[in-house]
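Asker:
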Amino acid sequence: MKEETGKEVKESSTYPVADSTNKTESFIISSNPSGVFISRGKEDALVTKNMVVGESVYGEKRISVEEGETKIEYRAWNPFRSKLAAAILGGVDQIHIKPGAKVMYLGAASGTTVSHVSDIVGPEGLVYAVEFSHRSGRDLLNVAKKRTNIIPIIEDARHPHKYRMLVGMVDVIFADVAQPDQTRIVALNAHNFLKNGGHFVISIKANCIDSTAAPEAVFASEVKKMSSENMKPQEQLTLEPYERDHAVVVGVYSLLPDIMVRSTWAQLFRMESVWQRSPLKRVLKE
Ligand SMILES: C[S@@+](CC[C@H](N)C(=O)[O-])C[C@H]1O[C@@H](n2cnc3c(N)ncnc32)[C@H](O)[C@@H]1O
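Residue numbers for the sequence shown follow numbering that gives the first Met the number 0, so the first one is 0 and each next one is one higher.
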């Protein structure tokens, strides 16, 4: 089964569902273990499994499926309203946000995309949602009241020390703050909260950083900044046709420089060959 982007969707389950709005029949195709699903029907849609059955967060469509006694509900995730959804439908290889993950979300706004991240990580995961606007923060607090895996933090993400008492180490940082110093903001939070080997996913809006330069030049210069902060970019894609002049960069946070990673492997390999040739190994064997 191929989805719109040509990416392979692992079909772990396909079952008919009732569309709560227009009563047409759809099919949910699970792409486990990512926690993100495709609903196939009259119109295909990206969906997440609703943590709070019976409730929409921002008027999005819900579709439900009966499995024996239990009712499972999915919420449509609009790529024109969420850069993370746009990245997934654009074919990004990995978002690293999955069931059970601990995620720091910078630029949470009113909590629309945050609510889908909350669906994906599920009850075993956590979303630390940072937003400095008190106006958006009010909506975010309301979303978090019903979703116990969201910890709303109404602070400036430039000052991580102000919320360090609330936050544990995280597996992933997702950032969508649309600020000229966004990479520095992500780096500050990564140095404080991202575990070594954890991942970052950054949405870059070119004209927020430099409205006079070509978007590709802006993306390249941001990628360079990341590399000097132990953030190693692994994948970059633009968000056309959902957003213009936006890119998403996904990478790994690694405290070991590449050269050390390579030399550590080389050392282990040398130790292994020395051990294979060692007389002690023969003695112990005998
Ligand atoms: C593009 S919007 C985010 C949209 C959101 N990610 C979504 O998908 O619904 C950027 C948000 O980042 C917030 N923001 C900008 N700078 C920030 C900072 N330094 N600390 C915390 N939030 C910030 C803005 O107030 C705004 O709500």
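Note that beta-carbon positions come from the ideal geometry of N, C-alpha and C, so glycine has one too.
1) Let me know if Q181 comes out buried or exposed under the rule of 16 or more other beta-carbons within 10 Å of its beta-carbon.
2) DSSP three-state label for A186, please.
3) Quick check on G110: does DSSP put it in helix, strand or coil?
4) According to DSSP, which residues form a beta bridge with M103?
5) Specify, as a first and last residue, the run of the alpha helix (DSSP H) that V142 falls within.
6) Going by alpha carbons, who is nearest to P151 out of N206, R163, V129, G90?
7) Looking at K87 and ligand 1, is the gap between the Cβ and the nearest heavy atom below 7 Å?
8) Rounded to the nearest angstrom, what separates E242 and H95 at their Cα positions?
9) Among E65, D209, I37, G124, which one has its Cα closest to the Cα of M168?
10) In whole angstroms, give me the CA-to-CA distance for T23 and A75.
11) Can you give me the start and stop residues for the alpha helix (DSSP H) that F218 sits inside?
12) Quick check on the burial criterion: 16 or more other C-beta atoms within 10 angstroms. Buried or exposed for S109?
13) When DSSP labels each residue in this structure, what does I87 get in the three-state scheme?
14) Taking just the CA atoms, how far does S55 sit from G197?
15) Note the first and the last residue of the continuous alpha helix (DSSP H) segment covering I96.
16) Helix, strand or coil, according to DSSP, for Y73 in the structure here?
17) Just to confirm, are V176 and L105 a CB contact at a threshold of 8 Å?
18) Would the stretch 234 to 241 and the stretch 82 to 95 be scored as touching if the rule is three or more Cβ pairs under 8 Å?
19) Here's the rule I'm using: 16 or more other beta-carbon atoms within 10 Å means buried, otherwise exposed. How should K101 be labelled?
20) Quick one: Cα of G136 to Cα of A143, how far?
Answerer: In terms of the structure at hand:
1) As a first step, residue 181 must be located in the sequence shown, where it is residue number 182. Around the beta carbon of Q181, 16 or more other beta carbons lie within 10 angstroms, which makes this residue buried.
2) Within the sequence shown, the letter at position 187 stands for residue 186. Correct three-state label for A186: helix.
3) Counting from one through the sequence shown, the residue named residue 110 turns up at place 111. Correct three-state label for G110: coil.
4) Sequence index remark: in the sequence shown, residue 103 carries index 104 (1-based). Answer is Y127, I172.
5) Counted from its first residue, the sequence shown places residue 142 at position 143. Per DSSP, V142 belongs to the alpha helix (DSSP H) from 133 to 145.
6) As a position in the sequence shown, residue 151 is number 152, starting the count at 1. For the residues N206, R163, V129, G90, the minimum Cα distance to P151 belongs to V129.
7) Within the sequence shown, numbered from 1, the residue matching residue 87 stands at position 88. In the sequence as presented, Lys is not what sits at residue 87; that position holds Ile. Every heavy atom of ligand 1 is 7 Å or more from the Cβ of I87, so no.
8) The residue you call residue 242 lines up with position 243 of the sequence shown. The residue you call residue 95 lines up with position 96 of the sequence shown. If you take the alpha carbons of E242 and H95, they lie about 21 Å apart.
9) Against the sequence shown, residue 168 aligns to sequence position 169. Minimum Cα-Cα distance from M168 among the listed residues E65, D209, I37, G124 corresponds to G124.
10) Residue numbering aside, residue 23 sits at position 24 when the sequence shown is read from its first letter. Residue numbering aside, residue 75 sits at position 76 when the sequence shown is read from its first letter. Bear in mind that a pLDDT of 47 at T23, under 50, signals an unreliable position, so the number given afterwards is only what the model happens to contain. The alpha-carbon atoms of T23 and A75 are separated by roughly 15 Å.
11) Numbered from its first residue, the sequence shown carries residue 218 at position 219. Residues 214 to 226.
12) Position 110 of the sequence shown holds residue 109. Burial call: buried.
13) Translated into positions along the sequence shown, residue 87 becomes position 88. Three-state DSSP puts I87 in a helix.
14) Within the sequence shown, the letter at position 198 stands for residue 197. Within the sequence shown, the letter at position 56 stands for residue 55. Cα-Cα distance, rounded: 31 Å.
15) Counting from 1 along the sequence shown, the entry for residue 96 is found at position 97. No alpha helix (DSSP H) holds I96; DSSP gives it neither H nor E.
16) To locate residue 73, count along the sequence shown from 1; it is residue 74. In the structure shown, Y73 sits in a strand (DSSP, three-state: E or B).
17) Working through the sequence shown from its first residue, we reach residue 176 at position 177. Working through the sequence shown from its first residue, we reach residue 105 at position 106. Contact: yes.
18) yes
19) Within the sequence shown, numbered from 1, the residue matching residue 101 stands at position 102. Its Cβ being crowded by 16 or more others within 10 Å, K101 is buried.
20) Within the sequence shown, numbered from 1, the residue matching residue 136 stands at position 137. Within the sequence shown, numbered from 1, the residue matching residue 143 stands at position 144. Between G136 and A143, the C-alpha separation is close to 10 Å.
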